[in-house]
Every structure is written in structure tokens, then in C-alpha cells.
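The structure appears right after this line, and notes come after that.
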Amino acid sequence: MSKHFLGDTAVLLGRSLRHITRSMDTVVTTAVMPIAMLLMFVYVFGGAINVGSDSYVNYLLPGILLITVASGIAYTAFRLFMDMKSGIFERFQSMPIARSSVLWAHVLTSLVANVISLVVVVLVALLMGFRSGAGVGAWLAVAGILVLFILALTWIAVIPGLTAKSVDGASAFSYPLIFLPFLSSAFVPTGTMPGPLRAFAEHQPVTSIVNAIRDLFTQQPVGTDIWTALAWCAGILVVAYLFAMNTYRRKIA
Amino acid sequence: MTARQAHAIQVRGLEKSYKEVKVLRGVDFAVARGGIFALLGSNGAGKTTVVRILSTLLKADAGTAGVNGFDVATQAAKVRESISLTGQFAAVDEILSGRENLVLVARLRHLADPGKVADDLLDRFSLTDAGARRVSTYSGGMRRRLDIAMSLIGDPPVVFLDEPTTGLDPQARIEVWQAVRELAARGTTVLLTTQYLDEAEQLADRIAILHQGRIIVDGTLAELKRLLPPAKVEYVEKQPTLEDVFLALVGAGGRGGDAGEHRISTQTSDE
Numbered sequence: 267m268s269k270h271f272l273g274d275t276a277v278l279l280g281r282s283l284r285h286i287t288r289s290m291d292t293v294v295t296t297a298v299m300p301i302a303m304l305l306m307f308v309y310v311f312g313g314a315i316n317v318g319s320d321s322y323v324n325y326l327l328p329g330i331l332l333i334t335v336a337s338g339i340a341y342t343a344f345r346l347f348m349d350m351k352s353g354i355f356e357r358f359q360s361m362p363i364a365r366s367s368v369l370w371a372h373v374l375t376s377l378v379a380n381v382i383s384l385v386v387v388v389l390v391a392l393l394m395g396f397r398s399g400a401g402v403g404a405w406l407a408v409a410g411i412l413v414l415f416i417l418a419l420t421w422i423a424v425i426p427g428l429t430a431k432s433v434d435g436a437s438a439f440s441y442p443l444i445f446l447p448f449l450s451s452a453f454v455p456t457g458t459m460p461g462p463l464r465a466f467a468e469h470q471p472v473t474s475i476v477n478a479i480r481d482l483f484t485q486q487p488v489g490t491d492i493w494t495a496l497a498w499c500a501g502i503l504v505v506a507y508l509f510a511m512n513t514y515r516r517k518i519a
Numbered sequence: 024m025t026a027r028q029a030h031a032i033q034v035r036g037l038e039k040s041y042k043e044v045k046v047l048r049g050v051d052f053a054v055a056r057g058g059i060f061a062l063l064g065s066n067g068a069g070k071t072t073v074v075r076i077l078s079t080l081l082k083a084d085a086g087t088a089g090v091n092g093f094d095v096a097t098q099a100a101k102v103r104e105s106i107s108l109t110g111q112f113a114a115v116d117e118i119l120s121g122r123e124n125l126v127l128v129a130r131l132r133h134l135a136d137p138g139k140v141a142d143d144l145l146d147r148f149s150l151t152d153a154g155a156r157r158v159s160t161y162s163g164g165m166r167r168r169l170d171i172a173m174s175l176i177g178d179p180p181v182v183f184l185d186e187p188t189t190g191l192d193p194q195a196r197i198e199v200w201q202a203v204r205e206l207a208a209r210g211t212t213v214l215l216t217t218q219y220l221d222e223a224e225q226l227a228d229r230i231a232i233l234h235q236g237r238i239i240v241d242g243t244l245a246e247l248k249r250l251l252p253p254a255k256v257e258y259v260e261k262q263p264t265l266e267d268v269f270l271a272l273v274g275a276g277g278r279g280g281d282a283g284e285h286r287i288s289t290q291t292s293d294e
């Protein structure tokens, strides 16, 4: 059954990567919203926000990167939903291929598309004055956290992609995920928030991930934040993966 | 075992319910190798459910089904190697070109020379000129032909066609019929579902009528006709049907040569 898994996944990955290169607009629109936020917060609100460091763009970028991923995975759900709806999913499932390769191709495509969007956002941030003295190791650590974050959110996106009844339903789940960074240390330090909100903000996954990335960029000691961040990402990844696989198995009978 | 070998498809006592609704209530039929078998029924009769069970996309609640000698429940992988499914809606990738669609399926079937397989099929289905174009620019008939071409890659011995001509114009329908006949001529077993009586009449060696979850009759066209009182001889003025007129005027094209049987020639007044 799985003797062709890698080959079949590669063929199907090639197919969905073609979808991306032929509709670069989806990758670009994924990056547009976070870039607009970056511009607005840095140039409109940034002057009035005191984050206790020299440059607000340096402070803001980690949160914007997470928002980029949160909006990017809406397209993962969308692409999967379109395959389910068009019948090509059933065609693949009735063929003698490794069945889970259909899903893995979508997951890997999501990874590639999100990485492209992230690179675009980072380039814009560099133009806006984002600077980091981080070495290769720190950049690799940031990349590792982001890849883990993309995979965790991608497996969440697989669930509505498989079960949604409409296009809107397939991508609506990403709105709360896009909103979550606002209730974290991504835009402002949590210290200024009222008690209960602050308690939530300091204990939700985004804060630890944002803090870990920020510390890596600013060459601060990452402390326990990075372990909390990794634990959140890995935890979400495992739970979402099990849930998605279970949904998938029920779907393909 | 011998009975299994003789039949390409063997279905016994198949039952399936969706929540409270009993869609199949004990379906039995068998399809001989190399024939065209039509499963006829109105919308919602359960035709698609039967096809989905036979193509391992759905599990039956009760009963057994064998395809090419393999059980759909316990030997699903073997069944998938023996079949191809052309679903109700053309399952083609709109963003890829026609040729890329064919190459994709050939590669997933692990064939040696996907490019050549694709080019041969484009030629066979008169799609060579459109091969490099994105499928989103194709007409309904072209899309359906591509869909069927994709199903033939790897020469599966059993092909399921679920309502292959629904939504097609008369010319495209004739093109699809032609493709199905060629398929059967090569020894492929075809199970076809349709709600069009003339389609079953035109194509099938055997016809089964699925009604309210059961097969109510199963036989050759001649056998089905014998179920009714013998034909009376009546004299009826032979009028061309609108379809005859339409096809004669627009020209069914080289592909639909089969329409010639009942094609009229329009008399022009310049003689």
C-alpha cells in the first residue's frame, strides 16, 4: 500500500505546486494583509506605542509573521475543499495510489506557499527598516519555529477543508486565528493590559511563540519561552493531525 | 471461484442507508466480462451509491461486491488496480492543461512513459490541438472526453461511468457514446449508469433497472421488451426528430459518425 507513498506524494505535490505558480495571486494576497497591518501599525500607531525598544518594526515583525501564516492556511483549506468538490479527490481515491499521499501533498504545498509568503513579508519589513543582528543559528531557529507553526495550523486547516459545505465555510475558521495575535504580546507588551486579559494573553500560544522569535531576532536569551512555544506548536500539531486523519479516514470510508 | 472468474462484477444483497434513508435494499446483479452493462434509474434511485461502493469510495452496510474477482471490502487495493471511475462531474484539474492531466494520472499509475501515454490519448480523443490549453477553457464535451481518457490510462479491465452524458449537448453525447463503444470493443467491461433510456438502448448489452433500492429487472434489451405485450404493427408517419434535424444542420462531425444511422439529408431547393 505504502510502497509508492513517496513517489505518489511527489507527483501530487508537483500538481498542487503548479496550482500555486499559476495563481501567484493567492500567495500575494496572503502577504498583502499582514503587510498592510505592518505598514499601518508601524507608521500610523507605532509612534504612539511605547514598547521600550528602539524600533517598533523590530518589535512587531514576529507577530506579523504569525498572522501571515494564519491567513495563508485559509488557502490550504480552500484548495483541499475545491479538490473535494470537483471530484478529482474521488478520482485519486479510486486509483491504486497510497491514499494518504493526497492529503500529504496538500500539507507540503501549504508549507511551500506559506514560506514564500513569509519571505515576502520579511523582505518588506527589511525595506521598512527591520534589522536583526541574529546569526545563522538564530535565523534557523526562527525558521524551525515557523515551519512547526505552519504545519500545526495546516493540519487544523485540513479539517474544514475536508468537511466544509461551502467555500466560505472552508476558510472562515482562519479569522479567529488571525485575530489571536492581537490578544498577545505581538502588538503591545502585555503589561499594560487589564488583569483577566493579561492573564489570557500571557498564557496563550501566540505570546510564547512571538516572544521566542523576538528574543532570537534581538539576540536576547530565549529563556523558557522557546520551550513553551515549541510545546504549544508540537501539541497543536499532534492534536490537529490526529483529528484531521480521523476525519480523513471517515471521509474516504 | 469459477463464478467469480466468469463475471467482471458480482453484487449480492448490497444494502446501504444514509442515516434513516434506505438507499439500497438488497441489490443483486452480475456483469459479464467485456460487455456494457447499464444501470438505469431515475434521480436518487441509488445508482451513484452502487458505483461508489464498487469503486471502494463507500462501504456497504450489508452484502458483498466483487470486482475483477476481488472483494471491494477486503481487497480494496486490488480492486483499485482493476478499475477506473469516471464520476458524475468531470473530475479533471481545471488549472492544468489537458496533457498535464493525462500525464498526472499516468504517473500516478506508475507507467513507464507518461508523456507518450498522454499524447496517444489526446490523439485518440481528438484533443491534440487543445492538449496544451488549460482545461478551464474546454467545452463540456471536451472535458468529458478528457475525463474518460484519464480513466483509460493503464488499461483497467473494468470501467465505471456514472452518468457520463448528463449535461452534454447532443454532439458531445454522441462523441462519448463512440468512446464507450470503442472501449467495449477492446474488451473492457463497462458499467454505465444513466437516466436516459435511449442511452441504455443505444449502448448496453444488458440493462438493469434500479428502483427504490432494488433491481427490478435485469436482462438484454430484447428480454426487457418481451416483458410487455408483443409489438403491434401500426403505421406511423416517420418524422425526423428535432435531434436528427439539429445534427444534420450543424453536422455531427467526423467523430460522431455513428449518428449516420438515423441522419436525414436535408434537401436544398437549388436543384
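Note that the protein sequences, when read in sequence, are chains A and B.
Basically my numbering = 1-based index in the first sequence + 266.
Basically my numbering = 1-based index in the second sequence + 23.
Virtual Cβ for every residue (Gly too), placed ideally from N, Cα, C.
Close to B/G242, with beta-carbon spacing below 8 Å, lies no residue of chain A; the smallest spacing is near 29 Å. The stretch 111-131 of chain B makes contact with the stretch 149-167 of chain B: 3 or more CB pairs, one atom from each, lie closer than 8 Å. DSSP places B/I118 outside both helix and strand once states are collapsed to three, so it counts as coil.
Separation of the CB atoms of A/H372 and A/S282 is rounded to 6 Å, and the pair is thereby assigned contact status at 8 Å. Annotation: B/H234 has no Cβ neighbours in chain A at a cutoff of 8 Å; minimum Cβ distance is about 25 Å. B/S40 is bridged by DSSP to B/K45. Taking a beta-carbon distance threshold of 8 Å, B/T72 does not count as an interface residue toward chain A. The distance from the Cβ of B/L62 to that of B/L215 is about 7 Å, consistent with a contact at the 8 Å cut-off. A Cβ of chain A is located within less than 8 Å of the beta carbon of B/A114. When B/V102, B/E43, B/V46 are compared, the shortest CA-CA separation from B/A31 is found for B/V102. Taking C-beta atoms as the reference points, A/T429 and A/T513 count as a pair closer than 8 Å. In terms of Cβ geometry, A/A510 and A/W421 form a close pair [threshold 8 Å]. For the pair A/L503 and A/V390, the CB atoms are not nearer than the 8 Å cut-off.
Within the stretch 184-204 of chain B, no residue has a Cβ lying closer than 9 Å to any Cβ of chain A. The three-state secondary structure of A/A314, taken from DSSP, is helix.
Secondary-structure assignment with DSSP links B/I59 through a beta bridge to B/V213. Per DSSP, reduced to three states, the secondary structure at B/A85 is strand. Think of a sphere of 8 Å around the beta carbon of A/H270: the chain B residues whose beta carbon falls inside it are H133, in chain order. Taken through DSSP and simplified to helix, strand or coil, B/R132 comes out as coil. The distance from the Cβ of B/I232 to that of B/G64 is about 6 Å, consistent with a contact at the 8 Å cut-off. Bounds of the beta strand (DSSP E) holding B/T243 are 237-243. A/V308: not part of any beta strand (DSSP E); DSSP gives it neither H nor E. Between B/G92 and B/R132, the beta carbon gap of about 20 Å keeps them out of contact (Cβ cut-off 8 Å).
For B/S107, the three-state secondary structure derived from DSSP is strand. With respect to chain A, the C-beta atom of B/E104 has a partner C-beta closer than 8 Å. Taking a beta-carbon distance threshold of 8 Å, A/S376 does not count as an interface residue toward chain B. DSSP places B/F183 in no alpha helix (DSSP H) but in the uninterrupted beta strand (DSSP E) bounded by 181-185. The C-beta distance from A/G403 to A/Q485 rounds to 11 Å, too long to meet the 8 Å contact threshold.
Nearest to A/V408 by alpha-carbon distance, out of A/G329, A/F358, A/P442, is A/G329. Under the Cβ criterion of 8 Å, A/G353 is counted among the residues facing chain B. Among the residues facing chain A, B/R156 is not included, as its CB has no counterpart in that chain under 8 Å away. DSSP places A/D434 within a helical segment (H, G or I) once states are collapsed to three.
Its chain contains L47, R48, G49, A83, D84, A85, G86 as the residues whose beta carbon lies nearer than 7 Å to that of B/E38, once the 5 sequence neighbours on both sides are disregarded; these appear in chain order. Spanning the alpha carbons of B/M173 and B/V128 requires a straight line of approximately 7 Å.
The stretch 430-500 of chain A contains, as complete alpha helix (DSSP H) runs of 4+ residues, the segments 433-438, 440-445, 461-469, 471-483 (chain order).
Three or more Cβ pairs closer than 8 Å define a contact, and the stretch 432-450 of chain A meets that threshold against the stretch 344-364 of chain A.
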